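*Asks:*
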Amino acid sequence: MPILDQDTVVGIIALIGRQPFVVGPEEQMLLENFAAQAAIAICNARLYAQVQHHATALEHRITAQEKAEASLRLLSRAIEHTADSVMITDTHGVILFVNPAFERLTGYSREEAVGNTPRLLKSGQHSPEFYKTLWTTICAGQTFQATFVNRRKDGTLYYEEKILTPVKDDQGHIVHFVSTGRDITERKQAEEERERLQEQVRQMQKIQAIGTLAGGIAHDFNNILAAILGYTELALFDVPPESKIWPHLQAVLEAGDRAKHLVQQILTFSRQHEQERKPVSLRLLLKETLKLLRATLPATIEIRQSCRTAHDMILADPTQLHQVLLNLCTNAEYAMRERGGVLEVSLDTVEIDATVAAAHPPLQPGSYVRLTVRDTGPGMPPEVVERIFEPYFTTKPEGEGTGLGLAVVHGIVASHGGTITVESRVGKGTTFTIYLPSLTASTETNSSVPEPVPRGTERILFVDDEEALARLGYQILTHLGYEVTVRTSSLEALEAFRAAPYRFDLVITDQTMPQMTGEAFSQAIREIRPDIPIILCTGFSHTMSKEKARQLGINAFLLKPLTTADLGKVIRQVLASAESMTGQE
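For what it's worth, the numbering used here labels the leading residue of the sequence shown as 20, then goes sequentially.
1. With distances taken between CB atoms, is the gap from residue 168 to residue 145 smaller than 8 Å?
2. Taking 8 Å as the cut-off, decide whether the C-beta atoms of residue 555 and residue 530 are in contact.
3. The alpha helix (DSSP H) that contains residue 39, what's its start and end?
4. Roughly how many angstroms lie between the CA atoms of residue 24 and residue 70, to the nearest whole one?
5. At 3 residues or longer, and completely inside the region 125-191: list those beta strand (DSSP E) runs for me, N to C.
6. Under 6 Å Cβ to Cβ from residue 586, same chain only, skipping five residues before and after it: list those, please.
7. Nearest by alpha-carbon distance to residue 192: which of 160, 548, 129, 389 is it?
8. Using CA coordinates, which residue listed in 99, 342, 108, 474 is at the minimum distance from residue 122?
9. Can you pull the DSSP bridge partners for residue 554?
10. If we count the other Cβ atoms within 10 Å of its Cβ and call it buried at 16 or more, is residue 215 buried or exposed?
11. According to DSSP, residue 323 sits in a beta bridge with which residue or residues?
12. According to the Cβ coordinates, are residue 334 and residue 298 closer than 8 Å?
13. Can you tell me which of the three DSSP states residue 387 falls into?
14. Rounded to the nearest angstrom, what separates residue 231 and residue 378 at their Cα positions?
15. Which residue comes first and which comes last in the alpha helix (DSSP H) that contains residue 302?
16. Per the DSSP calculation, residue 392 is bridged to which residue(s)?
17. Since residue 300 and residue 365 are thought to touch, with beta carbons under 8 Å apart, how far apart are those beta carbons, to the nearest angstrom?
18. Around the C-beta of residue 468, are 16 or more other C-beta atoms found within 10 angstroms, so that it is buried, or is it exposed?
19. Hey, could you find the ends of the alpha helix (DSSP H) residue 198 is sitting in?
20. Beta strand (DSSP E) containing residue 440: first to last residue?
21. Below 8 Å between beta carbons: does that hold for residue 374 and residue 457?
22. Using a Cβ-Cβ cut-off of 8 Å, state whether residue 66 counts as contacting chain C.
23. Suppose the cutoff is 6 Å on Cβ atoms and the five residues either side in sequence are ignored; what does the same chain contact list for residue 283 look like?
24. Determine the DSSP secondary structure at residue 460, reduced to helix, strand or coil.
25. Does the region 444-453 come close enough to the region 563-571 to have 3 or more Cβ pairs within less than 8 Å?
26. Write down the C-beta distance between residue 409 and residue 426 rounded to the nearest angstrom, noting that I regard them as a contact closer than 8 Å.
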């Protein structure tokens with residue numbers, strides 16, 4: 020008997036017996052009813068199995084969806100809480116999403132950023148080629164990584180290490196771009212500060228090396244100058260003023276004196292010498308500086324000089340002020356080198372009241388000499404003017420400036436109780452103005468008649484390893500009336516002194532000598548005779564200074580070249596002081 024489900028056979032009922040039998044009408048009806056019930060049961064079982072299968076599949080789908088949703092929630096929380104900024108854009112660069120880190124870093128809220136483009140962060144620090152490379156790379160399906168300098172909403176700049184990655188669909192088409200960035204501003208600033216400090220160290224090492232070289236040059240040059248100036252003075256002693264060669268010798272003396280001051284500048288630069296401050300005519304100093312500059316300035320630059328005051332005297336270190344003038348004028352020349360122009364330098368006096376003094380420390384109310392250096396060069400923008408006196412700041416190309424010139428000028432002016440200001444406009448040139456305290460009329464030095472050179476008859480041991488200077492010392496001291504014994508070896512001089520220590524009233528020795536330095540020689544003769552007066556001379560020395568000489572008990576420390584007048588005056592002062600000490604004992 021077939022079991023039917025809508026004409027579809029789903030089973031069979033078979034009757035099996037041991038003996039043959041015939042199915043009657045009643046049995047037939049019973050079998051048909053049973054087959055119908057079996058068909059319903061089989062159909063329900065099949066439906067149940069299908070329902071179970073669909074239920075299991077649905078359960079699996081729901082579980083997968085829940086897991087996916089959980090993963091999305093986890094990813095969303097990670098993006099929301101990460102310290103790195105995240106930005107998602109469409110393929111046209113329109114921002115679709117930013118995370119809180121982006122908001123904190125840029126200052127733009129999510130509402131301000133979404134719908135905008137990353138151009139709102141552009142700082143102008145990157146070239147068009149940079150952005151072209153960026154878009155070419157990510158549109159080709161590749162990752163772009165670089166350090167960006169972007170601009171926050173408040174206008175400040177920040178550094179960001181950024182990775183831009185294309186997002187593709189199942190077909191491999193780019194549908195979005197994701198940008199992740201890490202703020203490295205502090206690290207970058209620390210690196211820049213380290214580089215700046217390293218550059219300062221390199222500059223200081225350069226300056227130290229130049230200073231050492233300058234000191235060596237100064238030593239040799241001073242010895243040469245000592246011979247030139249000394250023998251010229253000796254010649255002037257023997258030539259009457261009405262002689263034709265008198266003015267020529269005077270010119271040599273003046274040129275040698277200028278060279279002497281030039282060496283003093285070199286020594287000042289090498290930090291080995293600083294002159295004592297004395298009354299200085301700023302007008303004469305300016306005249307000398309401009310005279311030196313005229314020979315080096317191109318013909319396209321015109322110098323205009325004016326002095327509208329008779330009270331130009333200041334208390335200053337002339338070498339340092341010469342450095343100030345030279346620096347300002349050469350800076351002006353550099354600014355006008357290409358197109359030419361006018362270099363205008365003027366002097367006048369002004370009265371500073373309490374209000375003006377308060378606005379320009381360290382000025383005090385009183386009379387000041389005002390020096391103005393003006394050029395007609397291209398000028399400077401405000402951001403450069405603000406930093407112009409900072410150490411190591413320079414607008415010159417690498418290798419053409421250390422950035423120390425104006426910083427040194429500022430320091431020198433301030434150390435003299437003055438101040439320096441700068442005014443500049445792009446296209447209008449630059450003006451530097453210096454205010455220095457003026458000396459009162461009572462303290463100004465008038466042109467004076469040279470005092471006669473002090474003379475004497477004492478016995479002097481003169482020691483210098485340079486034979487030319489030894490001969491010169493002998494002639495100058497003999498001319499001044501002294502009895503002189505000369506030695507060109509410190510060891511020979513020590514033997515001569517040991518043989519007759521009381522034969523000499525004074526010892527004048529050079530510092531830089533072979534075999535035994537002037538310092539060691541002085542200590543050796545002091546062991547023989549502690550009261551012997553000593554004058555120590557040097558053209559330059561790394562190991563000796565005025566302060567150290569004083570600590571060693573040296574009576575006088577002099578820098579070559581010496582004039583006859585200076586040497587004669589110091590000799591009398593040292594001998595008088597020694598005689599006074601002997602009298603007290």
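We treat Cβ as the ideally placed atom computed from N, Cα and C, and that holds for glycine. Note that the structure is a prediction, hence the values are computed from the model and not measured.
*Replies:* Let me lay it out:
1. Locating residue 168 in the sequence shown gives position 149, counting from the first residue. Locating residue 145 in the sequence shown gives position 126, counting from the first residue. Taking a C-beta distance under 8 Å as the contact criterion, residue 168 and residue 145 qualify as a contact pair.
2. In the sequence shown, residue 555 corresponds to position 536, counting from 1. In the sequence shown, residue 530 corresponds to position 511, counting from 1. The answer is yes: Cβ separation under 8 Å.
3. Counting from one through the sequence shown, the residue named residue 39 turns up at place 20. Taken as a continuous stretch (DSSP letters only), residue 39 belongs to no alpha helix (DSSP H), as it is neither H nor E.
4. On the sequence shown, residue 24 is found 5 positions in, with the first residue counted as 1. On the sequence shown, residue 70 is found 51 positions in, with the first residue counted as 1. So the two alpha carbons sit approximately 18 Å from each other.
5. 163-170, 176-187
6. Start at 1 with the first residue of the sequence shown, and residue 586 comes out as number 567. Within the same chain, no residue comes within 6 Å of residue 586 by CB-CB distance, once the 5 residues on both sides are set aside.
7. Numbered from 1 along the sequence shown, position 173 holds the residue referred to as residue 192. Comparing Cα positions, the closest option is 160.
8. For the purposes of this step, residue 122 is identified with residue 103 of the sequence shown, where counting begins at 1. Here the closest residue by C-alpha is 99.
9. Taking the first residue of the sequence shown as 1, we reach residue 554 at position 535. According to DSSP, residue 554 bridges with 527, 575.
10. Here the question's residue 215 lines up with position 196 in the sequence shown. Under this definition residue 215 is an exposed residue.
11. The residue you call residue 323 lines up with position 304 of the sequence shown. Answer by DSSP bridge pairing, in chain order: 363.
12. To locate residue 334, count along the sequence shown from 1; it is residue 315. To locate residue 298, count along the sequence shown from 1; it is residue 279. Cβ distance < 8 Å, so residue 334 and residue 298 count as in contact.
13. Indexing the sequence shown from 1 puts residue 387 at position 368. In this structure, residue 387 counts as strand in the three-state DSSP scheme.
14. Here residue 231 refers to the residue found at position 212 of the sequence shown. Here residue 378 refers to the residue found at position 359 of the sequence shown. Whole-angstrom Cα-Cα distance: 40 Å.
15. For this step, residue 302 is matched to residue 283 along the sequence shown. Per DSSP, residue 302 belongs to the alpha helix (DSSP H) from 301-313.
16. Sequence index remark: in the sequence shown, residue 392 carries index 373 (1-based). Residue 392 is bridged to 364, 451.
17. Here residue 300 is taken as the residue at index 281 of the sequence shown, counted from 1. Here residue 365 is taken as the residue at index 346 of the sequence shown, counted from 1. Rounded, the Cβ-Cβ distance is 15 Å, inconsistent with contact.
18. The residue labelled residue 468 in the question sits at position 449 within the sequence shown. Below a pLDDT of 50, predicted positions are generally treated as unreliable, and residue 468, at 49, falls in that range; the measurement from the model is reported next regardless. So residue 468 counts as exposed.
19. Translated into positions along the sequence shown, residue 198 becomes position 179. Residue 198 -> not in any alpha helix (DSSP H); beta strand (DSSP E) instead, spanning 193-202.
20. Position 421 of the sequence shown, counted from the start, is the residue given in the question as residue 440. Start and end: 438-444.
21. The residue given as residue 374 occupies position 355 in the sequence shown. The residue given as residue 457 occupies position 438 in the sequence shown. With respect to the 8 Å criterion, residue 374 and residue 457 are not classified as neighbours on the basis of their beta carbons.
22. In summary, chain C is missing from the structure at hand, where a single protein chain is found.
23. Translated into the one-based positions of the sequence shown, residue 283 becomes position 264. If we look at residue 283 and ignore the five residues flanking it on each side, its Cβ neighbours are 338.
24. Taking the sequence shown and counting its residues from 1, the one referred to as residue 460 is at position 441. Low confidence applies here, because residue 460 scores a pLDDT of 41, under 50, leaving its location unreliable and the question unanswered by this model.
25. No, the region 444-453 is not in contact with the region 563-571.
26. Within the sequence shown, numbered from 1, the residue matching residue 409 stands at position 390. Within the sequence shown, numbered from 1, the residue matching residue 426 stands at position 407. Contact flag correct, Cβ pair sits at about 7 Å.
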